[in-house]
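Asker: Sharing a structure, written as structure tokens. Questions coming.
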Amino acid sequence: MAPNSEDSQAHATGTSSGSVLVIDHNHPLFLYSSDVSGIQIISFQLTGVENYSIWFRSRKIALLGRNKLGMVDGSCKKEMFLGLECNWERVNAIVLSWIMNSVSKSLLGGIMYASSAKVVWDDLFERFNKVDWSRTFNLHKEIATLSQGTSSVSMYYSKLKGLWEEFEALVPIPGCSCEGSKEYGVHHQNLKLFQFLMGLNDSYLQARSQILMLKPVPSVNQAYSMILSDESQRSVVANAGVLGTCPSSLQGSFDAVMYSRTSGTQNRFKKGYNLVCDFCKIKGHTRENCYKIIGYPPDFKFKKKGVSKLCI
Numbered sequence: 001m002a003p004n005s006e007d008s009q010a011h012a013t014g015t016s017s018g019s020v021l022v023i024d025h026n027h028p029l030f031l032y033s034s035d036v037s038g039i040q041i042i043s044f045q046l047t048g049v050e051n052y053s054i055w056f057r058s059r060k061i062a063l064l065g066r067n068k069l070g071m072v073d074g075s076c077k078k079e080m081f082l083g084l085e086c087n088w089e090r091v092n093a094i095v096l097s098w099i100m101n102s103v104s105k106s107l108l109g110g111i112m113y114a115s116s117a118k119v120v121w122d123d124l125f126e127r128f129n130k131v132d133w134s135r136t137f138n139l140h141k142e143i144a145t146l147s148q149g150t151s152s153v154s155m156y157y158s159k160l161k162g163l164w165e166e167f168e169a170l171v172p173i174p175g176c177s178c179e180g181s182k183e184y185g186v187h188h189q190n191l192k193l194f195q196f197l198m199g200l201n202d203s204y205l206q207a208r209s210q211i212l213m214l215k216p217v218p219s220v221n222q223a224y225s226m227i228l229s230d231e232s233q234r235s236v237v238a239n240a241g242v243l244g245t246c247p248s249s250l251q252g253s254f255d256a257v258m259y260s261r262t263s264g265t266q267n268r269f270k271k272g273y274n275l276v277c278d279f280c281k282i283k284g285h286t287r288e289n290c291y292k293i294i295g296y297p298p299d300f301k302f303k304k305k306g307v308s309k310l311c312i
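The following block contains the structure:
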């Protein structure tokens, strides 16, 4: 709600020391020590129609967080603050500089001589608040074709979520409370779930099937948590080197081959299948344990003619 002039004046003049007016920190004309003209309150610049929607949303959130949104949406007009006109001018200049700092140099010429932050805000809205159908098409295509590939589940989902948010900024979904809007919202969330599951690698086929069989169907965030848990379990198994049946995506990592060597009546097993002796070129041991160098045990049983191979 916009403050009226009496409330604004009373709220602002809480305390005074001599001729210095102290403004309450909840007042829209209050400025923190960090609220200076040279800062950038968002991390990127407006370049045109292609990124206006996300710029507008980011800028609006930043101004709202600093209690300065009223300076651009018309709810804090100068005439509402009798006796505080100089303070209003100062805040207006600060907000105007924030906007100028967040647009590309090619756009500064059209707003450099504007008298107020609201004038610039409205001008940019009129010039760039248009549905960019080329960008919308490319976003929709990127969402439809995005797949996990070599990315982790977390990285894949974060990228997909960013594309969804940008798409919805260009084409907002209905926000009314009618029944039709609610049904569309549910349908829209289900489409997100399907898009997320379709882009996962085939190694998550079983987890994907289990998610789709759940009743009711989970949200995309819940499905992401389930897949993330499955990925964590796979990582633990891979790091521990557990032998036995493992998911298809990890078969290449789990080459669990056992080698045995007969010594008398004992059978000894080793996981030395990845070792190769650089002397005899036989797998299963190193030069330090090579019988051709250190000698054969008294009870060693040779195969057929001489020593053909070591069974390790």
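Okay, so the sequence shown: first residue is 1 according to UniProt numbering, each after it adds one. Glycine included, every Cβ here is placed at the ideal spot set by N, Cα and C. What you are looking at is a predicted structure, and each value in this text was computed from that prediction instead of being measured.
So Leu193 and Ala144 are in contact, right, with Cβ under 8 angstroms, and what is the actual spacing, rounded?
Answerer: Translated into the one-based positions of the sequence shown, residue 193 becomes position 193. Translated into the one-based positions of the sequence shown, residue 144 becomes position 144. At roughly 14 angstroms, the Cβ-Cβ gap does not stay under 8 angstroms, so Leu193 and Ala144 are not in contact.
Asker: Inspect the beta-carbon positions of Arg208 and Leu200 and report whether they are closer than 8 angstroms.
Answerer: As a working mapping, residue 208 is identified with position 208 in the sequence shown. As a working mapping, residue 200 is identified with position 200 in the sequence shown. Yes.
Asker: Of the residues Arg59, Arg127, Thr150, Met226, which one's Cα is nearest the Cα of Leu197?
Answerer: Stepping through the sequence shown from its first residue, residue 197 is reached at position 197. Considering only alpha carbons, the answer is Met226.
Asker: Closest to Glu85 by CA distance: which of Gly74, Leu29, Gly110 is it?
Answerer: Position 85 of the sequence shown, counted from the first residue, corresponds to residue 85. Comparing Cα-Cα distances from Glu85 to each of Gly74, Leu29, Gly110, the minimum goes to Leu29.
Asker: Mind checking Lys118: buried by the 16 CB within 10 Å criterion, or exposed?
Answerer: Position 118 of the sequence shown, counted from the first residue, corresponds to residue 118. Burial call: buried.
Asker: Where does the unbroken alpha helix (DSSP H) through Ala114 begin, and where does it stop?
Answerer: In the sequence shown, counting from the first residue as 1, residue 114 sits at position 114. That residue, Ala114, is in no alpha helix (DSSP H); it is neither H nor E in DSSP.
Asker: Which stretch, first to last residue, makes up the alpha helix (DSSP H) that contains Asn289?
Answerer: Position 289 of the sequence shown holds residue 289. Looking at the DSSP string, Asn289 is not in any alpha helix (DSSP H), and its letter there is neither H nor E.
Asker: One question on the structure: do Gln195 and Leu170 come within less than 8 angstroms of each other, judged by their Cβ atoms?
Answerer: Taking the sequence shown and counting its residues from 1, the one referred to as residue 195 is at position 195. Taking the sequence shown and counting its residues from 1, the one referred to as residue 170 is at position 170. Cβ atoms of Gln195 and Leu170: not closer than 8 angstroms.
Asker: Which whole runs of the alpha helix (DSSP H) in the segment 74 to 153 are 4 residues long or more, in chain order?
Answerer: The segment 74 to 153 contains these whole alpha helix (DSSP H) runs: 85 to 101, 105 to 108, 117 to 128, 133 to 145.
Asker: Verify whether the separation of the beta carbon atoms of Ser102 and Ile61 is less than 8 angstroms.
Answerer: Translated into positions along the sequence shown, residue 102 becomes position 102. Translated into positions along the sequence shown, residue 61 becomes position 61. No.
Asker: According to DSSP, is Val171 helix, strand or coil?
Answerer: The residue given as residue 171 occupies position 171 in the sequence shown. The answer is coil: DSSP assigns Val171 none of H, G, I, E or B.
Asker: Apart from the five residues on each side of it in sequence, which residues of its chain come closer than 8 angstroms, Cβ to Cβ, to Ser219?
Answerer: Translated into the one-based positions of the sequence shown, residue 219 becomes position 219. Excluding positions up to five away in sequence, the list reads Gln189, Leu193.
Asker: When you compare the segment 29 to 38 with the segment 105 to 117, are there three or more beta-carbon pairs, one atom per stretch, that lie closer than 8 angstroms?
Answerer: In short, these stretches do not touch, since the Cβ pair count stays below three.
Asker: Taking Gln206 as the reference, which of Ile293, Pro216, Leu191, Glu231 has the closest Cα?
Answerer: In the sequence shown, residue 206 corresponds to position 206, counting from 1. The shortest Cα separation from Gln206 among Ile293, Pro216, Leu191, Glu231 belongs to Glu231.
Asker: For a test of the three-state rule: what should DSSP assign to Lys270, helix, strand or coil?
Answerer: The residue labelled residue 270 in the question sits at position 270 within the sequence shown. Unreliable positioning characterises Lys270 in this predicted model, as indicated by a pLDDT of 45, which lies under 50. A coordinate reading is not provided.
Asker: Could you give the residue range of the alpha helix (DSSP H) that holds Phe194?
Answerer: Indexing the sequence shown from 1 puts residue 194 at position 194. Phe194 -> alpha helix (DSSP H) spans 179 to 198.
Asker: Would you check if the distance between the CB atom of Tyr157 and the CB atom of Ile173 is smaller than 8 angstroms?
Answerer: As a position in the sequence shown, residue 157 is number 157, starting the count at 1. As a position in the sequence shown, residue 173 is number 173, starting the count at 1. Contact: no.
Asker: Can the beta-carbon of Tyr52 be found closer than 8 angstroms to that of Asn129?
Answerer: For this step, residue 52 is matched to residue 52 along the sequence shown. For this step, residue 129 is matched to residue 129 along the sequence shown. In contact: Tyr52 and Asn129 (Cβ atoms closer than 8 angstroms).
Asker: What do you reckon, are the CB atoms on Phe167 and His187 nearer than 8 angstroms?
Answerer: Here the question's residue 167 lines up with position 167 in the sequence shown. Here the question's residue 187 lines up with position 187 in the sequence shown. Result no, Cβ atoms of Phe167 and His187 do not sit closer than 8 angstroms.
Asker: Are there 16 or more other CB atoms within 10 angstroms of the CB of Trp133, so buried, or fewer, so exposed?
Answerer: Along the sequence shown, one-based indexing puts residue 133 at 133. Classification for Trp133: exposed.
Asker: Can you give me the C-alpha to C-alpha distance between Ser154 and Gln210, rounded to a whole angstrom?
Answerer: Stepping through the sequence shown from its first residue, residue 154 is reached at position 154. Stepping through the sequence shown from its first residue, residue 210 is reached at position 210. C-alpha separation (whole angstroms): 20 angstroms.
Asker: Assign Leu228 to one of three DSSP states: helix, strand, or coil.
Answerer: As a working mapping, residue 228 is identified with position 228 in the sequence shown. Three-state DSSP puts Leu228 in a helix.
Asker: Can you tell me whether Asn67 is buried or exposed, with buried defined as 16 or more other CB within 10 angstroms of its CB?
Answerer: Reading the sequence shown from its first residue, position 67 is the one you call residue 67. Buried: at least 16 other Cβ atoms inside 10 Å.
Asker: Among the residues of its own chain, which have a CB less than 8 angstroms from the CB of Ala114, if the five just before and after it don't count?
Answerer: Position 114 of the sequence shown, counted from the start, is the residue given in the question as residue 114. So the list reads Leu96, Val120, Asp123, once near-sequence residues are dropped.
Asker: Could you tell me the distance, in whole angstroms, from the CA atom of Ile293 to the CA atom of Thr150?
Answerer: Counted from its first residue, the sequence shown places residue 293 at position 293. Counted from its first residue, the sequence shown places residue 150 at position 150. When rounded, the distance between both Cα atoms is 45 angstroms.
Asker: Could you give the DSSP three-state label for Leu31: helix, strand or coil?
Answerer: For the purposes of this step, residue 31 is identified with residue 31 of the sequence shown, where counting begins at 1. Of the three classes helix, strand and coil, the one that applies to Leu31 here is coil, per DSSP.
Asker: Buried or exposed: Ile99, going by 16 or more other Cβ atoms within 10 Å of its Cβ?
Answerer: By 1-based counting over the sequence shown, the position of residue 99 is 99. Answer is buried; the Cβ neighbour count reaches 16.
Asker: Measure the CB-CB distance between Asn92 and Ser116 and report whether it falls below 8 angstroms.
Answerer: Translated into positions along the sequence shown, residue 92 becomes position 92. Translated into positions along the sequence shown, residue 116 becomes position 116. Taking 8 angstroms as the Cβ cut-off, Asn92 and Ser116 qualify as a contacting pair.
Asker: Identify whether Leu21 lies in helix, strand or coil by the three-state DSSP scheme.
Answerer: On the sequence shown, residue 21 is found 21 positions in, with the first residue counted as 1. Strand, per DSSP.
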